[in-house]
Structure formats: C-alpha cells, structure tokens
Amino acid sequence: RTVLRKITEIIIKNPEISPSETLCNTDPSVYHKRYLKMIRRLGEGHFGEVTLCKYDPANDGTGECVAVKALKQENGLVRDGWMKEIEILKSLYHANIVKYKGCCSELGGQVVQLIMEYLPLGSLKDYLPKRKQGMAQYLMFAKQICQGMDYLHSKRYIHRDLAARNVLVENDSLVKIGDFGLTKYIPEGDIYYRVREDSLSPVYWYAIECLKESKFSFSSDIWSFGITLYEIFTHCDWHQSPPSKFDKMMGDQRSVMELIKLLENKVRLPCPKDCPHEVKILMEQCWAADPAQRPSFSFLIEKFEAIRQ
Ligand code: ADP
Ligand code: MG
C-alpha cells in the first residue's frame with residue numbers, strides 16, 4: 001500500500017507522466033493510430049475496406065500483424081450498423097469465427113477502425129480457385145462453417161450475408177466466418193427479421209422469402225449456406241458463380257422479379273461437377289421453398305461428419 005501511495009504522490013507532483021496515456025496503453029483493445037503501419041490491402045466488400053497492418057508500439061519491427069477494417073465513407077456519413085457490427089463481433093468467441101482484437105478511434109472521437117486477427121490466406125473466394133485440394137477438405141470446411149453458424153444461431157443472431165467471400169481461411173484445414181455487417185438479433189419468441197432491401201443486397205444468396213417478403217430467419221441463413229456450399233464445390237470458379245449462373249438462366253430479362261419467378265418454378269443452381277451425391281441432396285434441402293423444411297446447422301454438422309467416414 002505504501003508503494004501505491006508513493007506512486008500517487010509522484011503522479012500528483014508530476015502531472016506530465018500521468019494517467020490517460022499510461023491507462024490507455026494497458027488496455028489491449030485500444031489501438032493507437034500512430035503505431036498502425038499499413039502493409040497492404042486485403043480486400044473490400046460493399047461497405048468496408050480491409051487492410052493488413054503491423055501494430056508496432058515499440059517501433060522496432062517486433063509488432064503483430066492485424067487486419068484493420070474501415071468503413072468506406074460514403075458522403076462522409078457513417079453507416080448506422082457500423083457500431084453494431086463491432087459490438088456483435090466483440091461478443092462472439094468461437095474457433096470458426098474471426099477473432100475481435102480491438103478498435104482504433106480518431107482522437108477522442110468515434111471509432112473508425114475495427115481491428116481483428118489477420119487470416120493469411122484471405123477469403124474462400126481468394127483461396128479455392130488457386131489451391132484445389134479435393135472433397136475431404138471441402139467437407140471439412142463445410143462442417144466448420146456450420147459449426148460457426150450453429151454457434152451464431154445459438155446466440156440468436158442471423159448472419160444474412162453468408163457467402164464464400166465472407167469465409168476466411170487460416171490454413172489448409174481451418175476456416176472462420178467473417179463480416180458481420182448485416183447480422184441481426186432475433187429476439188426470443190420472434191422467428192424472423194424484416195428488412196427493406198437496398199440495391200446492394202446479395203440477392204443470389206437470398207432465400208425466396210427474403211426476395212419476396214424481406215423476411216430473414218435462421219432458415220434463410222441455411223439457404224445462403226446452400227449457396228456457399230455450391231461455391232465451395234465449384235472451387236469458387238468465377239464462370240460458375242451464382243450470379244453468372246442465375247444471369248444465364250434469366251437470359252435478357254434480369255431482375256429480382258425474374259429471379260423470384262425462376263425460384264418459384266423450382267429452378268435451382270445445378271449440381272457442381274464431381275460433387276458427391278449426398279452433398280447435392282443437402283444443397284437441395286437447404287433450398288427448400290418452405291423455410292420449415294430446411295435443415296438446421298446442427299443437423300448439417302452430423303451429416304458432414306457421416307459423409308466424411
Ligand atoms: P465488407 O463488409 O465490405 O464485405 P469484409 O469484412 O467482408 O468487408 O472484408 C472484405 C474482404 O477483405 C474479404 O472478402 C476478405 O478478402 C478480406 N478480409 C476481411 N477480413 C480479413 C481478415 N481478418 N484477414 C484477411 N483478410 C480479410
Ligand atoms: Mg463481405
């Protein structure tokens with residue numbers, strides 16, 4: 001206790017060594033902009049831009065690599081979901097969900113950047129076309145995505161943007177879900193969330209009821225998982241991507257109305273070449289017109305375990 005009293009006395013006598021800077025530096029989730037050194041751009045989506053940085057407060061090259069997500073600033077406005085995205089990621093702890101590390105704020109002001117762990121192999125969309133490793137790996141990735149999603153659903157969140165571009169690769173045997181920008185909480189007792197769609201919506205990943213009635217639910221994430229599964233088994237080949245396949249099927253008249261018509265006529269993406277029959281059946285179950293008929297992530301986890309044997 002005498003030591004503490006001495007320290008307090010010293011701080012009172014020497015205000016310049018005191019408290020804010022010292023306190024901030026001890027909170028590991030506070031990142032200071034001046035120590036973040038940009039290395040390269042990692043990618044971007046509709047809302048964010050992600051950069052690889054080295055955080056090096058000692059300034060001797062020993063710092064750690066982190067992924068820094070900033071919102072693309074449109075007309076200087078900050079999207080209202082940005083703080084929610086950060087809060088949601090902060091509350092999630094799972095082996096198959098990208099880890100939150102902290103935030104970086106403008107001097108005294110709003111949080112401007114989200115700091116997360118860096119996954120060196122990028123998204124599945126970057127990884128799969130270059131490093132095809134075959135069915136066993138695809139089934140393992142599919143199961144890991146289901147495990148991350150099962151956890152997310154257990155916390156009553158729906159993702160709403162599950163797609164290969166939003167699944168990140170740590171190494172040849174580990175993937176994690178990233179990008180919680182469209183994630184919503186479903187209160188106990190409710191079964192869906194209604195969102196008015198804007199023109200940037202990932203419509204080719206959306207279930208039929210999302211397109212028709214803007215109704216998002218645990219079951220609509222399952223539909224998007226089916227599309228993600230299709231992407232995995234086509235190695236994220238650009239020529240076979242969901243947008244290009246559906247566009248071909250629609251011909252000249254491309255619109256959400258036409259897409260709804262196709263889906264109502266029971267048209268679905270084709271079975272990828274070399275895709276095991278059991279996986280094709282699962283994909284089709286994920287794309288059942290009636291949301292209640294679709295499987296759950298826990299059911300899918302068991303199925304992927306069984307196929308693997
Ligand atoms: P948006 O909300 O704009 O879609 P994302 O969070 O999906 O932004 O990030 C965009 C892209 O940046 C991803 O598709 C991926 O290629 C890359 N990326 C995002 N987070 C990481 C990370 N932690 N490590 C490595 N690459 C990442
Ligand atoms: Mg994204």
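Take 1 as the starting number for the sequence shown in the working numbering and just add one per residue.
Beta carbons are placed, not taken as given, at the ideal position from N, Cα and C, and that holds for glycine.
Exercise. Anything with a beta carbon under 5 Å from a heavy atom of the ligand MG counts; list them all in chain order.
Key: Spelled out in chain order, the answer is Gly45, Asn166, Asp179.
Practice problem: Taking the CB atoms as reference points, tell me whether glycine 81 and arginine 165 lie closer together than 8 Å. | Solution: What you label residue 81 is simply residue 81 of the sequence shown in a count that begins at 1. What you label residue 165 is simply residue 165 of the sequence shown in a count that begins at 1. Going by C-beta atoms, glycine 81 is not nearer than 8 Å to arginine 165.
Quiz item: Just to check, is the beta-carbon of glutamate 87 closer than 7 Å to a non-hydrogen atom of the ligand ADP?
Solution: To locate residue 87, count along the sequence shown from 1; it is residue 87. Result no, Cβ not under 7 Å from the ligand ADP.
Quiz item: Going by C-alpha distance, which of Asp60, Lys245, Glu209, Leu168 is nearest arginine 294?
Solution: Locating residue 294 in the sequence shown gives position 294, counting from the first residue. Looking at the Cα atoms, Glu209 is the closest of the given residues.
Quiz item: Counting along the chain, where does the alpha helix (DSSP H) carrying threonine 51 start and finish?
Solution: Numbered from its first residue, the sequence shown carries residue 51 at position 51. Counting along the chain, threonine 51 falls outside any alpha helix (DSSP H), though it belongs to the beta strand (DSSP E) covering 48 to 55.
Exercise. Say yes only if the C-beta of aspartate 252 is nearer than 7 Å to one or more non-hydrogen atoms of the ligand ADP, and no if none qualify.
Key: Taking the first residue of the sequence shown as position 1, residue 252 is located at position 252. No - the ligand ADP has no heavy atom lying nearer than 7 Å to the Cβ of aspartate 252.
Quiz prompt | N- and C-terminal bounds of the alpha helix (DSSP H) containing arginine 5 | solution = The residue labelled residue 5 in the question sits at position 5 within the sequence shown. Start and end: 2 to 13.
Quiz item: For the ligand ADP, is there a heavy atom less than 7 Å away from the beta-carbon of lysine 90?
Solution: Position 90 of the sequence shown, counting from 1, holds the residue named residue 90. Checking the Cβ of lysine 90 against the ligand ADP gives no.
Exercise. State buried or exposed for histidine 239, treating a residue as buried only when at least 16 other CB atoms are found within 10 Å of its CB.
Key: Position 239 of the sequence shown holds residue 239. Flag for histidine 239 reads exposed.
Quiz item: Going by alpha carbons, who is nearest to isoleucine 301 out of Gln147, Lys245, Pro120?
Solution: For the purposes of this step, residue 301 is taken as the residue at position 301 of the sequence shown. That would be Gln147, whose Cα lies nearest to the Cα of isoleucine 301.
Exercise. For lysine 150, verify whether its CB is less than 7 Å away from any heavy atom of the ligand ADP.
Key: As a position in the sequence shown, residue 150 is number 150, starting the count at 1. According to the sequence as given, residue 150 is aspartate; it is not lysine. No, the ligand ADP has no heavy atom inside 7 Å of this Cβ.
Quiz prompt | methionine 257, buried or exposed, once every other Cβ within 10 Å from all chains shown has been counted against 16 | solution = Working through the sequence shown from its first residue, we reach residue 257 at position 257. Methionine 257 counts as exposed, since fewer than 16 other beta carbons sit within 10 angstroms of its beta carbon.
Self-check item: Per-residue DSSP class, three states only, for tyrosine 193
Solution: The residue labelled residue 193 in the question sits at position 193 within the sequence shown. In the structure shown, tyrosine 193 falls within a strand segment according to DSSP collapsed to helix, strand and coil.
Exercise. Quick one: using the 10 Å Cβ neighbour count with 16 as the cut-off for buried, is threonine 62 buried or exposed?
Key: Mapped onto the sequence shown, residue 62 falls at position 62. Of the other Cβ atoms in all chains shown, fewer than 16 fall within 10 Å of the Cβ of threonine 62; this residue is therefore exposed.
Quiz item: Is the Cβ-Cβ distance between valine 68 and valine 50 less than 8 Å?
Solution: Translated into positions along the sequence shown, residue 68 becomes position 68. Translated into positions along the sequence shown, residue 50 becomes position 50. At the C-beta level, valine 68 and valine 50 come within 8 Å of one another.
Practice problem: Quick one: measure Cβ to Cβ for methionine 149 and tyrosine 230, integer angstroms, because I've assumed they're closer than 8 Å. | Solution: Taking the sequence shown and counting its residues from 1, the one referred to as residue 149 is at position 149. Taking the sequence shown and counting its residues from 1, the one referred to as residue 230 is at position 230. In fact, because the Cβ distance is near 16 Å, the residues do not count as touching under 8 Å.
Self-check item: Proximity to proline 276 [Cα-Cα], best of Lys248, Met250, Ala136
Solution: In the sequence shown, the residue the question calls residue 276 occupies position 276. Ranking Lys248, Met250, Ala136 by Cα distance to proline 276 puts Ala136 first.
Exercise. Starting from the N-terminal side, write out each stretch of the alpha helix (DSSP H) that is 4 residues or longer and does not extend beyond the stretch 110 to 165.
Key: As far as the stretch 110 to 165 is concerned, its whole alpha helix (DSSP H) runs of at least 4 residues are 124 to 127, 135 to 154.
Quiz item: Any heavy atom of the ligand ADP within a distance shorter than 7 Å of the CB on glutamate 117?
Solution: Along the sequence shown, read from residue 1 onward, the residue named residue 117 stands at position 117. At least one heavy atom of the ligand ADP is nearer than 7 Å to the Cβ of glutamate 117, so yes.
Quiz item: Taking alanine 292 as the reference, which of Trp223, Ser173, Arg254 has the closest Cα?
Solution: Indexing the sequence shown from 1 puts residue 292 at position 292. The option with the nearest alpha carbon to alanine 292 is Trp223.
Quiz item: How many Å lie between leucine 259 and phenylalanine 246 at the Cα?
Solution: Translated into positions along the sequence shown, residue 259 becomes position 259. Translated into positions along the sequence shown, residue 246 becomes position 246. About 8 Å.
Self-check item: Through-space distance from cysteine 104 to glutamine 110, alpha-carbon basis
Solution: As a position in the sequence shown, residue 110 is number 110, starting the count at 1. As a position in the sequence shown, residue 104 is number 104, starting the count at 1. Rounded to whole angstroms, glutamine 110 to cysteine 104 spans 9 Å at the Cα level.
Practice problem: Kindly identify the DSSP beta-bridge partner or partners of serine 103. | Solution: As a working mapping, residue 103 is identified with position 103 in the sequence shown. Checking the sequence shown, residue 103 turns out to be cysteine, not serine. Partner(s): Val30, Leu114.
Practice problem: Pick helix, strand or coil for alanine 67, following the three-state DSSP scheme. | Solution: For this step, residue 67 is matched to residue 67 along the sequence shown. In this structure, alanine 67 counts as strand in the three-state DSSP scheme.
Quiz item: Rounded C-beta distance between aspartate 60 and tyrosine 35? I'm assuming under 8 Å.
Solution: Position 60 of the sequence shown, counting from 1, holds the residue named residue 60. Position 35 of the sequence shown, counting from 1, holds the residue named residue 35. About 12 Å; that fails the 8 Å criterion.
Quiz item: Which residue or residues does DSSP assign as beta-bridge partners of leucine 168?
Solution: Counting from 1 along the sequence shown, the entry for residue 168 is found at position 168. Bridge partners of leucine 168: Ser123, Lys176.
Exercise. Please confirm whether threonine 183 and isoleucine 88 have their CB atoms less than 8 Å apart.
Key: Position 183 of the sequence shown, counting from 1, holds the residue named residue 183. Position 88 of the sequence shown, counting from 1, holds the residue named residue 88. Yes, these two residues count as a Cβ contact at 8 Å.
Quiz item: CB-CB under 8 Å to leucine 119, same chain, minus the five flanking residues each way: which ones, in chain order?
Solution: Position 119 of the sequence shown holds residue 119. For leucine 119, same chain residues with a beta-carbon under 8 Å away, outside a window of 5 residues either side, are Ala67, Val98, Leu168, Val169, Glu170, Lys176, Gly178 in chain order.
Quiz item: Grouping DSSP H, G and I as helix and E and B as strand, with all else coil, what is lysine 273?
Solution: Position 273 of the sequence shown, counted from the start, is the residue given in the question as residue 273. Look at lysine 273 here: in three-state DSSP terms it is coil, with no helix or strand label.
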